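Notes to accompany the following structure.
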Amino acid sequence: MSKYQVDNRGYYGPFGGAYIPEMLYPNVEELQNQYLQIMKDPSFIAEFEQLLKDYVGRPSPLYHAQRLSKKYGAKIFLKREDLNHTGAHKINNTIGQILLAERLGKKRIIAETGAGQHGVATATVCALKGLECVVYMGEIDIQRQAPNVARMKMMGAKVVAAKSGSKTLKDATNEALRDWINNPVDTHYIIGSVVGPHPYPDMVARFQSIISKETRKQLLEKTGKGTPDIVMACVGGGSNAAGMFYHFLDDEDVKIIAVEAAGHGVESGETAATTALGKEGVLHGSRQILMQTEDGQVIEPYSISAGLDYPGIGPQHAWLFKSGRGQYVSATDDEAMQAGLRLTQLEGIIPAIESSHALAHLEKMNFKGDETVVICLSGRGDKDLDNYMKYFNL
């Protein structure tokens, strides 16, 4: 078994577990006992793969970005999750979890969302399957991601504003957990990232692992070798990165780089650079690394990107960081915005600001000239046009 995957107790090294209120034990235990069995069922696999192909549009292309490659002096490929139905990687996980929820007999779905992409993906699959959908979203995120809120409502979802704390992703997650405690029997909580109590980090990573599974095959076709020299992705809660890294974790010669959001700077007090500042602790049901005060209060994160301003980092990422398997770095708002514009003008692809953080790290790398680099382009920039317009005075 891989030393970087979850063990049978739900831990990655010292991180993970299920730290939950007693009221949630039946829900979480039901998932723990059944998720692997359901996911291995041939009828589940067949339906999941069919929907990924015919509904999502997978496999997503692995695109050789030639002008970007020329600029940085490496062979750079973009894994085009932005081309999925709904515009991001999130749909891979929500399709998997909606099929799981159906087989568990759940009729009501709840979710949390930051940038809105997971909310849209959840509302989408609920519309597809005719299930009730409630999405919790921070009041601030509702304002800065208005097009995604409209999409969710069009799909028939109820969008509930989280008005406590920083009014962003952390608070939306808190509200969703409260709902689940109050509605334990008929409700399934579709967590959108590799966070939460076991089995969520493992379950979400497995659904997202399609990203690296396809990448290996596509790389082999394009280069004659199934592994790159470097694989990169942005990290907030970390699901696109978990999916992008999944099938390369045991290839020790593949360098793994995860890029967090430094906001206005790691030491600015307005940042989401968790591994640079965080300490071990428990957040949203699992032991991970999180930004916290001396007495254990969660520090509010900040990023221009609504999908990366999470104060923690999932337990698998915490273990990849602590074990040294992954290199965890960060990019500021300014670096990410410039990187997004650079990709747009070099390749004609407008990336989500989340993905732009991964692209920004290229500026700090020195390539020899023969490296193969794969970057997960986790989402498209349509949802961020307002931010881009304001930042660049367009």
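For the sequence shown, this note's numbering begins at 3 and goes up steadily by one. Even glycine gets a Cβ: it sits at the ideal position worked out from N, Cα and C. Nothing here was measured: the structure is a model prediction, and the numbers come from that model.
Classify residue i as buried or exposed, calling it buried when 16 or more other Cβ atoms lie within 10 Å of its own Cβ.
i: Ile50; result: It should be pointed out that residue 50 corresponds to Phe in this sequence rather than to Ile. With 16 or more Cβ atoms within 10 Å of its Cβ, Phe50 is classed as buried.
i: Glu216; result: buried
i: Arg153; result: buried
i: Thr175; result: buried
i: Gly19; result: buried
i: Ala148; result: exposed
i: Asp384; result: exposed
i: Ala48; result: exposed
i: Glu262; result: buried
i: Leu396; result: exposed
i: Phe394; result: exposed
i: Leu364; result: buried
i: Ser325; result: exposed
i: Asn86; result: buried
i: Gly59; result: exposed
i: Glu269; result: exposed
What is the DSSP secondary structure of residue i, reduced to helix, strand or coil?
i: Ala164; result: strand
i: Thr273; result: coil
i: Gly342; result: helix
i: Val206; result: helix
i: Arg60; result: coil
i: Gln294; result: strand
i: Lys278; result: The question names Lys, but residue 278 in the sequence shown is Ala. Correct three-state label for Ala278: helix.
i: Ile105; result: Residue 105 is actually Arg in this sequence, not Ile. Here Arg105 sits in helix by DSSP.
i: Phe397; result: A question about residue 397 goes unanswered here, because the residues of the chain that appear run from 3 up to 396.
i: Val172; result: The question names Val, but residue 172 in the sequence shown is Lys. Helix.
i: Leu310; result: coil
i: Phe369; result: coil
i: Glu302; result: coil
i: Val122; result: helix
i: Arg11; result: coil
i: Ile93; result: helix
i: Val127; result: helix
i: Gly198; result: coil
i: Asn259; result: Sequence inspection shows Ile at residue 259; the Asn mentioned does not correspond to that position. Here Ile259 sits in strand by DSSP.
i: Gly267; result: coil
i: Gly98; result: helix
i: Pro44; result: helix
Tell me, please, which residues DSSP counts as bridged to residue i.
i: Leu285; result: Ser288
i: Phe323; result: Answer is none; Phe323 lacks a bridge partner.
i: Glu254; result: Looking at the DSSP assignment, Glu254 forms no beta bridge with any residue, so it has no partner.
i: Val397; result: The structure shown does not extend to residue 397, since the chain is modelled only from 3 through 396, so no value can be given for it.
i: Arg180; result: Answer is none; Arg180 lacks a bridge partner.
i: Ile315; result: Ile291
i: Gly381; result: Ala90
i: Tyr65; result: Leu80
i: Gly18; result: Tyr13 and Arg289
What span of residues does the beta strand (DSSP E) with residue i cover, start to end?
i: Ser332; result: Gly328 to Thr334
i: His363; result: Premise fails: His363 is in no beta strand (DSSP E) and is neither H nor E.
i: Lys77; result: Lys77 to Arg82
i: Val233; result: Ile232 to Cys236
i: His190; result: Thr189 to Ile192
i: Ala243; result: No beta strand (DSSP E) holds Ala243; the alpha helix (DSSP H) holding it covers Ser241 to Phe247.
i: Ile112; result: Arg110 to Thr115
Which residue comes first and which comes last in the alpha helix (DSSP H) that contains residue i?
i: Met139; result: Premise fails: Met139 lies in the beta strand (DSSP E), Glu134 to Gly140, not in any alpha helix (DSSP H).
i: Thr217; result: Ile212 to Thr225
i: Tyr37; result: Tyr27 to Met41
i: Val151; result: Ala148 to Met156
i: Arg69; result: Gln68 to Tyr74
i: Ala354; result: That residue, Ala354, is in no alpha helix (DSSP H); it is neither H nor E in DSSP.
i: Leu387; result: Leu387 to Phe394
Closer than 7 angstroms: is that where the CB of residue i sits relative to any heavy atom of the ligand FMN?
i: Ile100; result: Judged by which ligands are present, the structure shown has none, so any question about the ligand FMN falls away.
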